[in-house]
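For the sequence shown, our numbering begins at 338 and goes up steadily by one.
Here the structure is laid out as structure tokens; the discussion comes afterwards.
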Amino acid sequence: MFLQQLVLSEVEVSNAKTVTTHDFYQVAITKNISTTTIIIIFAPELTLIAMQNTDNISAVILVKNAEKTIGERLESLRLFGEVVLLDNGSTDATLEIASKYPNVKVFSEPNFYGFGKMKNIAVSHATNDWILSIDSDEVLMPEIVAQINAIQLNENTVVALSRLNYYGDRCMKCCGWYPDYVWRIFNRKYTCFNENMVHEGVETKPDTQKLYIKDAMKHYTATTMESIIGKMNMYSSLAAQEKFAKGKKTSVIGAIFKALHTFNKDYFFRKGIFYGYKGFTLAVLNAYATFFKYMKLYESNQS
Numbered sequence: 338m339f340l341q342q343l344v345l346s347e348v349e350v351s352n353a354k355t356v357t358t359h360d361f362y363q364v365a366i367t368k369n370i371s372t373t374t375i376i377i378i379f380a381p382e383l384t385l386i387a388m389q390n391t392d393n394i395s396a397v398i399l400v401k402n403a404e405k406t407i408g409e410r411l412e413s414l415r416l417f418g419e420v421v422l423l424d425n426g427s428t429d430a431t432l433e434i435a436s437k438y439p440n441v442k443v444f445s446e447p448n449f450y451g452f453g454k455m456k457n458i459a460v461s462h463a464t465n466d467w468i469l470s471i472d473s474d475e476v477l478m479p480e481i482v483a484q485i486n487a488i489q490l491n492e493n494t495v496v497a498l499s500r501l502n503y504y505g506d507r508c509m510k511c512c513g514w515y516p517d518y519v520w521r522i523f524n525r526k527y528t529c530f531n532e533n534m535v536h537e538g539v540e541t542k543p544d545t546q547k548l549y550i551k552d553a554m555k556h557y558t559a560t561t562m563e564s565i566i567g568k569m570n571m572y573s574s575l576a577a578q579e580k581f582a583k584g585k586k587t588s589v590i591g592a593i594f595k596a597l598h599t600f601n602k603d604y605f606f607r608k609g610i611f612y613g614y615k616g617f618t619l620a621v622l623n624a625y626a627t628f629f630k631y632m633k634l635y636e637s638n639q640s
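Given below as structure tokens:
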């Protein structure tokens, strides 16, 4: 197995087999029986590296009524040559805010076909073949942009970004929200998003060169309990539709047991118990989401 791993901060390299020095950074190669890890140790002078990758990457975003968050997100993407914003029927000031950024191009799609297909539609509007997919509630930190500009992108490269997921002002490293790696940078000539209604992802292949950027985006998943409940209802409906389209079956008893299993797993084994009322809330709402997903599927089976 070959794993290429990017680390921005200083790292321990005492077990390195090979260390080579480049113009602005060092590369330390460590080996054991099953893996080879390439660790890039960035020097302060890294900021002098020309912004080549970001010039040739189109950032794509799906939005709908994101006026409270879109400004900070677009600020974090100023160094990208192009930002494609696919609007799904915003009625607030989202598009007015986006119009203030010269690298942003706005496209409209009034219908919603599921997240996977919508993201592929957004990708189709890009000028560049290299794509960075980012959600409207995610913020790309400057350190990540620096790392993107330092890596070599081959056509079969797919890059994973990590996320720190927030409930209000607290980072929640529990209930399945951490660790959270998502494939986000890819060449559209090589791959694309699957067309899942929900929990979509970039498709990888046996020859994919997988890169992992360690520094995390901030993902403002939910501001309040109400916002989590709203997402839970939408995602459970989409997941139920997807399962129904695939011919999946369930039962009332099955839905109950799956929900109980989800709560026990998230609260006790995924550390929700250590995060106060927010950890308990997440575990309960994840259990409800599981229950409603399968009960919605059950209702569809009965119709």
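Glycine is no exception: its CB is placed at the ideal position from the N, C-alpha and C atoms.
Predicted model, so just to flag it, every value in this text is computed and none were measured.
| Check | Outcome |
| --- | --- |
| 7 Å Cβ cutoff met for residue 529 and residue 619 | no |
| Distance between beta carbons of residue 402 and residue 428, contact taken as under 8 Å | 6 Å |
| Beta-carbon proximity of residue 542 to residue 466, cut-off 7 Å | no |
| Spatially closest choice to residue 477 from 517, 553, 496, 534, by CA coordinates | 553 |
| Backbone CA spacing between residue 425 and residue 496 [nearest angstrom] | 26 Å |
| Residue 634, enclosing alpha helix (DSSP H) - first and last residue | 613-639 |
| Continuous alpha helix (DSSP H) assignments of at least 4 residues falling wholly in the stretch 390-436 | 407-412, 431-435 |
| Per DSSP, the bridge partner or partners of residue 586 | Residue 586 is not bridged to any residue. |
| Residue 631 vs residue 587 beta-carbon contact at 7 Å | yes |
| Residue-level contact to chain D via CB, residue 515, 7 Å cutoff | This model lacks chain D altogether, as it is built from one protein chain only. |
| Cβ-based neighbour list, residue 504, same chain, cut-off 6 Å, excluding 5 preceding and 5 following | 559, 615 |
| For residue 639 and residue 414, the rounded distance between their alpha carbons | 47 Å |
| Same chain, Cβ closer than 8 Å to residue 597, neighbours up to 5 away in sequence not counted | 624 |
| 7 Å CB neighbourhood of residue 621 in its chain, flanking five on each side removed | 600 |
| Simplified DSSP state of residue 535, which is helix, strand or coil | coil |
| Assumed close pair residue 629, residue 573 - CB separation to whole angstroms, cut-off 8 Å | 4 Å |
| Test item: CB-CB of residue 453 and residue 540 under 7 Å | no |
| Distance between residue 519 and residue 443 (C-alpha atoms, nearest Å) | 24 Å |
| Proximity to residue 605 [Cα-Cα], best of 556, 594, 617 | 617 |
| Extent of the continuous alpha helix (DSSP H) run through residue 542 | No alpha helix (DSSP H) contains residue 542, which DSSP labels as neither H nor E. |
| Which of helix, strand or coil DSSP assigns to residue 449 | coil |
| Residue environment, residue 718, which counts as buried when at least 16 other CB atoms sit within 10 Å | Because the chain here runs from 338 to 640, residue 718 falls outside it and cannot be looked at. |
| Beta-carbon proximity of residue 521 to residue 470, cut-off 7 Å | yes |
| CB of residue 534 within 7 Å of CB of residue 575, strictly | yes |
| Range of the contiguous alpha helix (DSSP H) that encloses residue 502 | Per DSSP, residue 502 belongs to no alpha helix (DSSP H); it is in the beta strand (DSSP E), 494-504. |
| Backbone CA spacing between residue 391 and residue 438 [nearest angstrom] | 16 Å |
| Reduced DSSP secondary structure (H/G/I, E/B, other) of residue 459 | helix |
| Residue 491, buried or exposed, once every other Cβ within 10 Å from all chains shown has been counted against 16 | exposed |
| Own chain residues within Cβ distance below 8 Å of residue 458, not counting five before or after | 423, 446, 450 |
| Reduced DSSP category for residue 570 - H, G, I as helix; E, B as strand; rest coil | helix |
| Residue environment, residue 370, which counts as buried when at least 16 other CB atoms sit within 10 Å | With a pLDDT of 35 at residue 370, under the threshold of 50, the modelled position of this residue cannot be trusted; read the value that follows with caution. Under this definition residue 370 is an exposed residue. |
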